[in-house]
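**Q**
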Amino acid sequence: MIPELGHFALALAVALAFAQGVIGVFAPGLRDARAMRAAPALALSHFLAIGASFLGLIYAGVVSDFTVENVADFSSSQVPLIYRITGTWGNHDGSMVLWCFVLSFCGATVAAFGGNLPASLRARVLGVLGFVSGGFLLFTLTVSDPFTRIWPPPLDGAGVNPILQDPGLAFHPPVLYTGYVGFSVAFAFAIAALIEGRIDAAWGRWVRPWALVSWCFLTSGIALGSWWSYYTLGWGGYWFWDPVENAALLPWLTGTALLHCAIVVEKREALKAWTVLLAIATFSLSLSGTFLVRSGILNSVHSFAAAPDQGLFILALLAITIGGSLLLFAIRAPVLAATGMFSPLSRESALVVNNIFLCSIAAVVFVGTLYPPFVNLLFGIQLSVGAPFFNQTVLPLTAPLILAMAIGPLLPWKRAALRPALERIWFAAVVAVIVFLVMTEQSNAITALGLGGGVWVMLSAVSDIAERAKLGRVKLGDSLARLRAMPRAAFGAALGHIGFGVMVFGIAGMTLASQKVVVLNPGQSTELGGYSWKLDDLRDAPGPNYAQRVADVTISDEGKPFLTLHPSRRIFTTPKVITNDAAIHTNGFQDIYVVFADEPAGGGAELRLNRHPLAPEIWFGGLIMALGGALSLSDRRLRVGAPSRKRAAKAAGVVA
Amino acid sequence: MFTAPLAIVAVGGLGFYTILERMEQDKYDPHALPSPLIGHKPPTFNLPGFNGAPGFSNTDLAAPAQPMLVNWFASWCMPCAQEAPMIAQLAKTGLPIWGVAYQDQPDALASYFAHYGNPYTKLALDTSGLTAINWGVYGVPETYLIDKAGIVRWRWAGAITDDVLANGLNPLLAKYT
Chain A
66 MIPELGHFAL
76 ALAVALAFAQ
86 GVIGVFAPGL
96 RDARAMRAAP
106 ALALSHFLAI
116 GASFLGLIYA
126 GVVSDFTVEN
136 VADFSSSQVP
146 LIYRITGTWG
156 NHDGSMVLWC
166 FVLSFCGATV
176 AAFGGNLPAS
186 LRARVLGVLG
196 FVSGGFLLFT
206 LTVSDPFTRI
216 WPPPLDGAGV
226 NPILQDPGLA
236 FHPPVLYTGY
246 VGFSVAFAFA
256 IAALIEGRID
266 AAWGRWVRPW
276 ALVSWCFLTS
286 GIALGSWWSY
296 YTLGWGGYWF
306 WDPVENAALL
316 PWLTGTALLH
326 CAIVVEKREA
336 LKAWTVLLAI
346 ATFSLSLSGT
356 FLVRSGILNS
366 VHSFAAAPDQ
376 GLFILALLAI
386 TIGGSLLLFA
396 IRAPVLAATG
406 MFSPLSRESA
416 LVVNNIFLCS
426 IAAVVFVGTL
436 YPPFVNLLFG
446 IQLSVGAPFF
456 NQTVLPLTAP
466 LILAMAIGPL
476 LPWKRAALRP
486 ALERIWFAAV
496 VAVIVFLVMT
506 EQSNAITALG
516 LGGGVWVMLS
526 AVSDIAERAK
536 LGRVKLGDSL
546 ARLRAMPRAA
556 FGAALGHIGF
566 GVMVFGIAGM
576 TLASQKVVVL
586 NPGQSTELGG
596 YSWKLDDLRD
606 APGPNYAQRV
616 ADVTISDEGK
626 PFLTLHPSRR
636 IFTTPKVITN
646 DAAIHTNGFQ
656 DIYVVFADEP
666 AGGGAELRLN
676 RHPLAPEIWF
686 GGLIMALGGA
696 LSLSDRRLRV
706 GAPSRKRAAK
716 AAGVVA
Chain B
300 MFTAPLAIVA
310 VGGLGFYTIL
320 ERMEQDKYDP
330 HALPSPLIGH
340 KPPTFNLPGF
350 NGAPGFSNTD
360 LAAPAQPMLV
370 NWFASWCMPC
380 AQEAPMIAQL
390 AKTGLPIWGV
400 AYQDQPDALA
410 SYFAHYGNPY
420 TKLALDTSGL
430 TAINWGVYGV
440 PETYLIDKAG
450 IVRWRWAGAI
460 TDDVLANGLN
470 PLLAKYT
C-alpha cells in the first residue's frame with residue numbers, strides 16, 4: 066500500500082511541477098498577480114508530494130518490502146538499518162527520486178525565503194525550476210520507476226553493494242546532489258533574467274547566496290567522495306580523473322568562476338552576459354555530468370547502467386533544457402550591456418583572470434573526458450585519456466591561477482596599482498620562495514612548486530586580513546575593532562583561499578608518498594619511509610553481516626614502536642564480495658596507511674604499506690574552503706540587508 | 300558570438316545521439332575494447348621461455364588441438380595476482396592456458412610463481428614488450444581465446460571474473476570446442 070501511495074505522490078508531483086512551470090513562466094507576462102502568487106504555493110506542494118514519494122520508497126527499504134523490485138534488487142533484510150535507508154539512493158531509480166527531491170527542495174526554499182524578490186522574478190524563477198523538475202520527474206515516473214512491484218517476491222533481497230555500506234558513501238550522494246542541483250537556482254535566475262531582459266546589481270546579490278550554498282555542498286561532496294575512495298578502495302589514491310569525478314569537477318570549476326563573477330555584477334554591473342552564461346553552463350554541466358555518466362556513454366568505474374531508451378529520454382531532456390536556455394541566451398544576451406567600466410589592472414580584471422584560468426581548466430577537463438567517445442565516433446579508434454594527460458595539462462593552468470589568486474583580493478575596484486598590493490604580501494612571497502628553494506633541494510621541482518604555491522596562497526590571505534586590520538601598526542585594541550567591523554564575507558573569502566592553499570599543499574605533499582607491497586609472515590618485518598613495519602599476528606574477528614580476517618601491524622621509528630594498526634579483509638556473503646578495510650592512522654600532517662590485501666596460498670599476509678605525508682591536508686583544505694563559503698553566507702549583507710533595500714529601487718523601476 | 304555556446308552544445312548533443320543510437324543497435328559498447336586481432340591469426344613473434352624451458356612462437360599457435368587461452372600477465376601487476384586463482388581454476392578444467400610475462404624479470408617471476416603457483420602450460424617472456432605492441436595488448440592482465448584453427452576469437456582486457464567467465468568465455472568455449 067505504502068509504495069502505491071509513493072507512486073501516486075510521484076505522479077502528483079509531475080502534475081504540480083508542470084503547473085508550477087506554466088504558471089510561473091507565463092503569469093508575469095499576463096500581469097496576473099494572483100497567478101504569480103500561485104507559483105510559490107505550487108512549489109511548496111510539489112516539494113511535499115516528492116517528499117511523500119521519497120519517504121514511501123525509504124519505508125519500503127526499511128521494512129524490507131521485497132515485492133518492490135528496487136528493494137529486492139538492491140537491499141536485504143540482513144544489512145543494518147542505516148544502509149537499508151541509504152541503499153534507497155544507492156541505485157539508479159532510487160537516486161533519481163533523491164535527485165528530484167533535492168531539486169524540489171531548492172524550489173521550495175526559493176518559495177519560502179524569496180519573499181524579498183520582486184513577485185514577477187520569483188514567479189519566473191519558480192517557473193523555470195518547475196519545468197526542469199517536471200521533466201525529470203516525468204522521466205522517473207515513466208522509464209525509471211522505483212516503485213515497480215514483482216510477484217512472487219524473493220525470500221531475501223540481493224543485498225546492498227558492500228562498497229556502499231560505508232558511512233562516507235552513504236552521505237556522499239545527497240551532499241553531492243545538493244551541490245549539483247543547487248546550481249539549478251542560479252540557472253533559473255539566469256533564465257528569468259534573460260526572459261525579463263535585464264540584469265542589475267540586485268540580481269547579482271540574489272544569485273550569489275544560492276550559488277554559494279551549492280558551491281559549499283559541491284565542494285564538500287567532492288571532498289567526501291575523494292576521501293571515501295582514498296580510504297576504501299585501498300590504493301591510497303584520492304583522485305583518478307575518472308569521468309564521474311570529472312563530471313563533478315567541471316561544475317565546481319565553472320561554479321567557482323560564477324561565484325567570483327557574480328561579485329562583479331553585484332559591485333560593478335559588468336560581465337553580465339558572461340555571468341549568465343556561467344550560470345547556465347554550471348547547471349548544464351551538472352546535468353550532463355550526472356546523466357551522461359549514467360547513460361553508459363562514458364566508461365567509468367561508477368556503474369549505474371541505464372537502458373538506452375532511458376538514455377534517449379535523458380538526452381532529449383538535456384537538449385530541451387540546455388539547448389533551450391542557450392538559444393534564449395543567444396537571442397537575449399546582446400541586450401545585457403555592461404554599465405561599469407574598469408581598467409586592465411583592477412579587482413574586476415583580477416576576477417576576469419580567475420575566470421579565464423578556471424574556465425580553461427574546465428575546457429581541458431571537458432575535452433579530455435569527451436575525447437575518447439568522440440574519437441571513436443568519428444574515426445573508429447579506441448583510446449583512453451588518463452591521469453597523465455590531465456596532470457600535464459591542468460598543472461600549467463593551475464600554477465598561474467595560484468599566483469594570481471593571492472594578488473586579486475588585494476586590488477581595489479575600478480583602477481589599481483600593482484606595487485601597493487605586492488608590498489602587502491611581500492612576507493608571503495619570501496616564505497613561499499624559501500619553501501620552494503628548500504624543497505627543490507630535498508625533492509623535485511614540481512613538488513616544491515606545489516608546496517611553495519600552497520604557502521603563498523595561505524600566507525597572502527592571512528596577511529591581507531592582517532593588513533586590513535593594520536595589525537602591528539596601530540594599537541592592538543584598534544586592530545581588533547577593525548577586525549570586528551570587517552564584513553564576514555571578507556573572512557569567508559580569505560578562508561576559502563586559505564582552504565585552497567591547504568589543499569594544494571596537501572596534494573603537493575602527497576607526491577612524496579612512499580609505498581610498498583610485501584608478503585610478511587607473522588613475526589617478520591620490513592622497512593619503509595624510515596619506519597620499521599612488523600606483522601605481529603593474523604586472526605579472525607566477527608562482524609555484523611560479514612566475517613573478517615585482521616592483521617596486526619606494529620610500526621616503529623628507530624626501534625621504538627609507536628603505533629599498531631589493524632587492517633582487515635571483510636568477507637561478505639550476500640552478495641559474495643571481499644573488501645579490504647584499510648587501517649589509517651593520521652596525526653593531522655601524515656597518514657600511515659596499511660591495507661591487508663590478501664592471504665597468499667604460501668602463507669603469511671600480503672600487505673600494502675603506505676606513508677603519505679600531508680595527505681590529510683587535501684581534505685582539510687576542501688573542508689576549510691566549504692567553511693569559508695558558509696562563513697561568507699552568514700554575512701548579514703547577503704542574508705537580509707541588500708535584497709530588501711534593493712526592493713524599493715526595483716519597485717520604482719517597475720513603475721517606470 | 301552569443302550563439303557559439305549553442306552551436307557547441309548542438310554538435311555535442313548530435314554526437315551523443317549518434318553514440319546512443321549505435322549503443323541501441325549493439326554496434327558500439329563503450330566498455331568493450333575490440334581487438335583488431337579478432338578473426339585473424341596472431342602476428343609473427345618468437346619469444347624465449349622461462350628458466351631454460353622453451354618459449355613459443357606464432358607457429359605454435361597456428362593449429363592447437365583444442366581451443367586455448369593466451370594470458371598476458373606480469374609479476375608486478377596487482378590485478379594479475381588477483382586473477383591468479385581464476386587462471387589456476389581454469390587450468391584445472393583442462394583448458395590449455397599459455398602465459399606471456401610482460402616486461403618482467405626472471406627472479407620476480409620466480410617469486411610470483413612461488414606465491415601464486417604456475418598454472419601455465421607454456422610460458423614465454425616478452426621482456427621488451429614489443430610483441431605486446433604487435434598484439435595490441437591494452438594492459439595486463441589480458442586474455443585471448445584462440446580456436447582450433449589458430450584464429451583469435453575473443454579478447455578480454457582486465458582480470459577474468461566469474462561474470463566474464465559465465466557471460467563471455469564459457470559460451471565461446473562451448474561454441475569453438
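Protein sequences appear in the order of chains A and B.
Those letters in the first sequence? Residues 66 to 721, per my numbering, in order.
Those letters in the second sequence? Residues 300 to 476, per my numbering, in order.
We put the beta carbon where it would ideally sit given N, CA and C, even for glycine.
In this text the structure is predicted, and so the values were computed from the model without any measurement.
Give the range of the alpha helix (DSSP H) segment to which residue 655 of chain A is assigned.
**A** No alpha helix (DSSP H) holds residue 655 of chain A; the beta strand (DSSP E) holding it covers 655-663.
**Q** In this structure, how does DSSP classify residue 450 of chain B when only helix, strand and coil are distinguished?
**A** coil
**Q** Which residues in chain A have a C-beta closer than 9 Å to the C-beta of residue 339 of chain B? List them in chain order.
**A** Those within 9 Å of residue 339 of chain B in chain A number zero; the least Cβ separation is about 17 Å.
**Q** Thinking residue 648 of chain A and residue 665 of chain A are a contact (beta carbons under 8 Å), I'd like their distance in whole angstroms, please.
**A** Actually they are not in contact, since the Cβ atoms of residue 648 of chain A and residue 665 of chain A sit about 19 Å apart, beyond 8 Å.
**Q** Run through chain A and tell me which residues come within less than 8 Å of residue 305 of chain B, C-beta to C-beta.
**A** 388, 391, 392, 394 and 395
**Q** Where do the N-terminal and C-terminal ends of the alpha helix (DSSP H) with residue 350 of chain B fall, by residue?
**A** Careful: residue 350 of chain B lies outside any alpha helix (DSSP H) and carries neither H nor E.
**Q** Taking the straight line between their C-alpha atoms, what separation do you get for residue 621 of chain A and residue 381 of chain B?
**A** 30 Å
**Q** So what's residue 308 of chain B in DSSP terms, helix, strand or just coil?
**A** helix
**Q** Using a Cβ-Cβ cutoff of 7 Å, what residues of the stretch 424-457 of chain B are near chain A? List them in chain order.
**A** none
**Q** Using the Cα positions of residue 148 of chain A and residue 637 of chain A, report the straight-line distance between them to the nearest angstrom.
**A** Rounded to whole angstroms, residue 148 of chain A to residue 637 of chain A spans 14 Å at the Cα level.
**Q** May I ask which residues mark the beginning and end of the beta strand (DSSP E) holding residue 164 of chain A?
**A** Unbroken run through residue 164 of chain A is the alpha helix (DSSP H), 157-178; no beta strand (DSSP E).
**Q** By DSSP, does residue 413 of chain A sit in helix, in strand, or in coil?
**A** helix
**Q** Provide the residue span of the beta strand (DSSP E) that contains residue 425 of chain B, from first to last.
**A** Its beta strand (DSSP E) spans residues 421-425.
**Q** Taking residue 642 of chain A as the reference, give the member of B:352, B:446 and B:462 with the closest Cα.
**A** Check the Cα spacing between residue 642 of chain A and each of B:352, B:446 and B:462: the tightest is with B:462.
**Q** Under 9 Å between C-beta atoms, does residue 78 of chain A make it to chain B?
**A** no
**Q** Name, going along the chain, the residues of the stretch 563-594 of chain A whose beta-carbon falls closer than 9 Å to a beta-carbon of chain B.
**A** 582 and 584
**Q** Report yes or no: do the stretch 278-293 of chain A and the stretch 410-421 of chain A share at least 3 C-beta pairs separated by less than 8 Å?
**A** no
**Q** Under the three-state reduction of DSSP, which class applies to residue 368 of chain A: helix, strand or coil?
**A** Because residue 368 of chain A sits at a pLDDT of 47, beneath the cut-off of 50, its placement in the model cannot be relied upon, and the point is left open.
**Q** Using the Cα positions of residue 211 of chain A and residue 205 of chain A, report the straight-line distance between them to the nearest angstrom.
**A** 8 Å
**Q** Please decide whether residue 377 of chain B counts as near chain A, where near means a Cβ-Cβ distance under 9 Å.
**A** Cβ-Cβ to chain A under 9 Å: yes for residue 377 of chain B.
**Q** DSSP beta-bridge partners for residue 580 of chain A?
**A** Residue 580 of chain A is bridged to A:675.
**Q** Would you call residue 673 of chain A buried or exposed, if buried means 16 or more other Cβ atoms sit within 10 Å of its Cβ?
**A** Taking a 10 Å sphere around the C-beta of residue 673 of chain A, we find 16 or more other C-beta atoms and assign the residue as buried.
**Q** Taking the C-alpha atoms as reference points, what is the distance between residue 377 of chain A and residue 318 of chain B?
**A** 10 Å
**Q** Taking the alpha helix (DSSP H) that residue 414 of chain B belongs to, which residues open and close that run?
**A** 405-415
**Q** Closer than 8 Å is the cut-off here; do at least three beta carbon pairs connect the stretch 341-353 of chain A with the stretch 484-493 of chain A?
**A** no
**Q** Give a yes or no on whether the minimum CB-CB distance between residue 399 of chain A and chain B is below 9 Å.
**A** yes
**Q** Shorter than 9 Å from the beta carbon of residue 357 of chain A to some beta carbon of chain B?
**A** The Cβ of residue 357 of chain A sits closer than 9 Å to at least one Cβ of chain B.
**Q** Give the C-beta separation of residue 352 of chain B and residue 374 of chain B to the nearest angstrom, bearing in mind that I take them to be a contact with Cβ-Cβ under 8 Å.
**A** That belief does not hold up - the Cβ atoms of residue 352 of chain B and residue 374 of chain B are roughly 17 Å apart, past 8 Å.
**Q** Identify every run of the alpha helix (DSSP H) within the stretch 392-479 of chain A, keeping only runs that are complete inside it and at least 4 residues long; order them along the chain.
**A** 412-444 and 452-472
**Q** Apart from the five residues just before and just after residue 75 of chain A, which ones in its own chain have a Cβ nearer than 6 Å to its Cβ?
**A** 118 and 206
**Q** Contact between the stretch 393-406 of chain A and the stretch 454-474 of chain A: three or more CB pairs below 8 Å?
**A** no
**Q** Tell me which residue opens and which closes the alpha helix (DSSP H) that residue 485 of chain A is part of.
**A** 483-489
**Q** Excluding the 5 residues preceding and the 5 following residue 553 of chain A in the sequence, name in chain order all residues of the same chain whose CB lies nearer than 8 Å to its CB.
**A** 696, 697, 699, 700 and 701
**Q** Counting along the chain, where does the alpha helix (DSSP H) carrying residue 526 of chain A start and finish?
**A** Here the alpha helix (DSSP H) through residue 526 of chain A covers 510-533.
**Q** Going by other Cβ atoms of all chains shown within 10 Å of its Cβ, with 16 needed for buried, is residue 542 of chain A buried or exposed?
**A** exposed
**Q** Which residues of chain B have a Cβ atom closer than 7 Å to the Cβ of residue 439 of chain A, listed in chain order?
**A** 314
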